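To keep things clear, I will list the structure first and then write my remarks on it.
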Ligand SMILES: Nc1ncnc2c1ncn2[C@@H]1O[C@H](COP(=O)(O)OP(=O)(O)OP(=O)(O)O)[C@@H](O)[C@H]1O
Ligand SMILES: [Mg+2]
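In the working numbering, the protein residues as written are 9 to 379.
Below is the structure:
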């Protein structure tokens with residue numbers, strides 16, 4: 009009945025996932041019958057790994073492990089993940105096969121993808137995990153990755169341009185190193201790479217700028233909802249390109265590039281600055297305020313994805329109960345379970361706590377207990 013109901017509306021629903029030799033799962037299958045799903049179990053039982061398997065199929069990579077080797081069950085040669093979704097009322101089957109050393113394969117409804125990048129954004133998802141606090145306390149790289157993950161899901165062109173930019177940037181940096189080692193410079197070659205950098209760089213800049221303008225008011229709105237107080241959060245998209253053209257930036261940094269043997273100007277230096285009551289956020293914010301802002305950023309990501317896709321992304325919440333005081337937690341869960349109409353997966357070590365929260369919210373739910 010529930011599955012039928014879900015499949016009639018414009019939304020994305022994960023109905024089933026089958027894991028084979030993926031992390032701690034030798035063979036496991038999970039059917040999801042409700043929109044709100046609690047995944048419970050003691051430490052080390054595989055809650056995060058199950059969320060990661062869902063994430064993996066959306067992004068063709070793990071959220072947590074840098075190398076695919078860590079996703080293969082110890083002492084095995086490969087893994088397989090299969091998911092059955094309903095998207096826009098149509099059933100979709102997705103399979104990812106990793107055969108160890110050889111290339112991995114991704115199949116949508118039995119057709120093989122030629123490029124994984126074409127898959128990104130088809131099954132949008134937003135994950136919130138404990139280490140994500142780095143998004144606020146870490147370096148600018150973490151915030152750029154956040155923007156890139158979001159933009160890549162709504163704009164396939166963006167991901168392509170980002171891949172090109174990153175490749176040319178690496179080539180340019182290697183060239184600068186080689187010039188220094190050889191003690192001579194090929195200006196012509198450098199200028200070719202400059203041109204190749206500028207074009208995708210401008211594209212990425214304009215997209216990030218446009219997106220930041222849409223995202224920032226949403227972050228502020230969600231922060232107010234979670235914190236329920238007068239704290240003023242100010243965010244700004246910082247880029248060298250805000251005040252100069254990419255051409256002039258390249259010229260300005262040319263000498264510094266030679267000395268440091270790397271490229272100092274460009275969109276790989278962008279950041280999202282955050283202030284609380286007029287001060288740099290990460291310097292003064294309490295842990296609870298940081299966590300609230302993290303949720304605000306992620307929910308803004310969620311909301312933008314939903315607007316662009318026309319349906320809610322999957323929401324994957326790992327250990328969020330450990331993150332906030334009861335009041336902020338209540339506000340967040342209320343939004344996640346009652347105001348949002350997408351499917352949400354929430355892990356917790358305490359089955360009773362999560363069931364109690366769902367009952368209080370008066371929302372239908374499913375509990376998956378991992379033993
Ligand atoms: N490649 C792998 N092969 C086999 N087991 C693995 C692999 N990678 C991780 N594990 C195991 O998976 C378990 C961790 O699972 P996971 O992180 O999902 O736990 P969890 O339920 O989220 O725990 P916690 O409550 O502590 O967050 C550990 O026991 C770990 O040893
Ligand atoms: Mg975990």
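For glycine and all other residues, C-beta sits at the position ideal for the given N, C-alpha and C.
Quantities reported herein were computed from a predicted structural model and do not represent experimental measurements.
Is it a yes or a no for the stretch 330-350 touching the stretch 266-276, going by three-plus beta-carbon pairs under 8 Å? no
Between the stretch 105-115 and the stretch 138-148, are three or more C-beta pairs nearer than 8 Å? No: the two stretches stay apart, fewer than three of their Cβ pairs being nearer than 8 Å.
Quick check on this structure: which residue in 313, 351, 235 has the alpha carbon closest to the alpha carbon of residue 298? In the chain shown, the residue the question calls residue 298 occupies position 290. Nearest option by C-alpha distance: 235.
Per-residue burial, residue 160 [other beta carbons within 10 Å of its own, 16 or more giving buried]: Against the chain shown, residue 160 aligns to sequence position 152. So residue 160 ends up on the buried side.
From residue 48 to residue 223, what distance separates their C-alpha atoms? In the chain shown, residue 48 corresponds to position 40, counting from 1. In the chain shown, residue 223 corresponds to position 215, counting from 1. Distance between the alpha carbons of residue 48 and residue 223 is about 32 Å.
Along the chain, which unbroken stretches of the beta strand (DSSP E) at least 3 residues long are found entirely within the stretch 259-340? 279-284, 322-325
On the criterion of 16 or more Cβ atoms from any shown chain inside 10 Å, does residue 74 qualify as buried, or is it exposed? In the chain shown, residue 74 corresponds to position 66, counting from 1. When all chains shown are included, residue 74 counts as exposed.
Once the 5 residues before and after residue 208 are set aside, which same chain residues still bring their CB inside 8 Å of it? Indexing the chain shown from 1 puts residue 208 at position 200. Taken in chain order, the residues that qualify are 169, 170, 172, 173, 176.
Give a single yes or no on whether residue 105 has its beta carbon closer than 8 Å to a heavy atom of ligand 1. Here residue 105 is taken as the residue at index 97 of the chain shown, counted from 1. Answer for residue 105: no, Cβ out of range of ligand 1.
In or out: residue 309 buried (at least 16 other Cβ within 10 Å) or exposed? Residue 309 sits at position 301 when you count from the first residue of the chain shown. Answer is buried; the Cβ neighbour count reaches 16.
Distance, residue 328 Cα to residue 370 Cα: Position 362 of the chain shown holds residue 370. Position 320 of the chain shown holds residue 328. So the alpha carbons of these two residues sit roughly 19 Å apart.
Give the DSSP bridge partners of residue 22, in chain order. Taking the first residue of the chain shown as 1, we reach residue 22 at position 14. 93.
With which residues is residue 48 paired in a DSSP beta bridge? For the purposes of this step, residue 48 is taken as residue 40 along the chain shown, with counting starting at 1. In DSSP, residue 48 forms a bridge with 356, 377.
When a residue counts only if its C-beta is closer than 7 Å to some heavy atom of ligand 2, which residues count, in chain order? Cβ atoms closer than 7 Å to ligand 2 belong to 55, 56, 326, 327, 355.
Distance between residue 321 and residue 35 (C-alpha atoms, nearest Å): The residue labelled residue 35 in the question sits at position 27 within the chain shown. The residue labelled residue 321 in the question sits at position 313 within the chain shown. Between residue 35 and residue 321, the C-alpha separation is close to 27 Å.
Below 8 Å, can you find three or more Cβ-Cβ pairs linking the stretch 251-266 to the stretch 81-98? no
To the nearest angstrom, how far is it from the Cα of residue 82 to the Cα of residue 155? Here residue 82 refers to the residue found at position 74 of the chain shown. Here residue 155 refers to the residue found at position 147 of the chain shown. Computed Cα separation, rounded: 33 Å.
Could you give the DSSP three-state label for residue 181: helix, strand or coil? Residue mapping note: residue 181 aligns to position 173 of the chain shown, counting from 1. Of the three classes helix, strand and coil, the one that applies to residue 181 here is helix, per DSSP.
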